[in-house]
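Report on the following structure.
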Amino acid sequence: MILLTGFEPFGGADFNPSQAIAERAADILRRQGHQVITAELPCVFATAPATLAVLLERWRPRVAIGLGLAGGRKGLGLEKVAINHIDARIADNAGQQPIDVPVREDGANAYFSTLPLKASLQALGEPVDGSTPVDAAISYTAGSFVCNQVFYELMHHLGDVPETRAGFIHVPSMEATDPQMEDLSGAVATVARLALDNVAEPLYSAGTEF
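77 is the number that the UniProt record's numbering gives to position 77 of the sequence shown; each next residue is one higher, with no gaps.
Have a look at this one:
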């Protein structure tokens, strides 16, 4: 079972591509014979973690990937680390704007993704199925808004479930009719499939200067 989550629109927008990409990626994976569940999470600090926890407990996925919108990105951001810190630059959809508070008072400082990020990056840049290469990079900050909170809660919840590979991917801002929507959906499906196949990470540098 694969779980893909996106978010509802936030910040006054009427569309969030993360949910649309989650649903399209799920369609691709289902056509390939995989079982997939999708869900739209609220962009609300107070309720998003509980919504996610219910999904994880109910479906117990082998792969769980959260998707979120990062307006300043040009391509996919394969997130490496979730931090135990919230510093909301805008209010969430419930009007709350927590500043300089932890995700969990008693939580670890950070959690790392267990998705095969480097293998995914390699596959997306050099697709073997003839599909279009996708602009993607490993990101070392998932921000400090609800996306990071959900990423952190996802990894915290699965800390005692090592057989489940999980992580978070940020998608760039786009309209529903953007032609790259299909390519990015296929890319997310590729990441999920590699995680399901439990591929090993290749040893090469994908680090950044900042």
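Don't be surprised by glycine CBs; every beta carbon is placed ideally from N, CA and C. If you're wondering where the values come from, they're calculated on a predicted model, not measured in any experiment.
Query                                                                                                                                                                     : Result
Classify residue 44: buried if its beta carbon has 16 or more other beta carbons within 10 angstroms, exposed otherwise.                                                  : buried
Per DSSP, which residues does residue 2 bridge with? Please list them.                                                                                                    : 36 and 63
Under the rule that 16 or more other beta-carbon atoms within 10 Å means buried, what is residue 148, buried or exposed?                                                  : buried
Around the Cβ of residue 92, are there at least 16 other Cβ atoms within 10 angstroms (buried) or fewer (exposed)?                                                        : buried
Entirely within the stretch 134-160 and at least 3 residues each: give me those beta strand (DSSP E) ranges in chain order.                                               : 136-139
So what's residue 73 in DSSP terms, helix, strand or just coil?                                                                                                           : coil
Could you tell me whether the Cβ atoms of residue 192 and residue 63 are closer together than 8 Å?                                                                        : yes
Below 8 Å, can you find three or more Cβ-Cβ pairs linking the stretch 67-85 to the stretch 99-111?                                                                        : yes
Count the other CB atoms within 10 Å of the CB of residue 203; is the residue buried (16 or more) or exposed (fewer)?                                                     : exposed
Using only CA atoms, which one of 38, 75 and 13 lies nearest to residue 3?                                                                                                : 38
Nearer than 7 Å: is that true of the beta carbon of residue 204 relative to any heavy atom of the ligand GDP?                                                             : The ligand GDP is absent from the structure shown, which contains no ligand whatsoever.
Under DSSP, the alpha helix (DSSP H) around residue 82 begins and ends at which residues?                                                                                 : Here residue 82 belongs to no alpha helix (DSSP H); instead the beta strand (DSSP E) covers 81-83.
Just to confirm my understanding: we take residue 6, look at its own chain, exclude 5 residues before and 5 after, and list those with CB closer than 6 Å. What are they? : 18, 19, 22, 40 and 67
Please name the residue in 200, 155 and 187 whose C-alpha comes closest to that of residue 53.                                                                            : 155
Let's see if you can read the secondary structure: which residues bound the beta strand (DSSP E) around residue 171?                                                      : 165-171
Between residue 151 and residue 69, what straight-line distance do the alpha-carbon atoms span, to the nearest angstrom?                                                  : 13 Å
The alpha helix (DSSP H) with residue 188 in it runs from where to where?                                                                                                 : 180-196
Express the C-alpha separation of residue 12 and residue 159 in angstroms, rounding to a whole number.                                                                    : 34 Å
For the beta strand (DSSP E) that residue 176 lies in, which residues bound it at each end?                                                                               : Here residue 176 belongs to no beta strand (DSSP E), and DSSP marks it neither H nor E.
In this structure, does DSSP put residue 100 in helix, strand or coil?                                                                                                    : strand
Among 153, 198, 33 and 1, which one has its Cα closest to the Cα of residue 49?                                                                                           : 153
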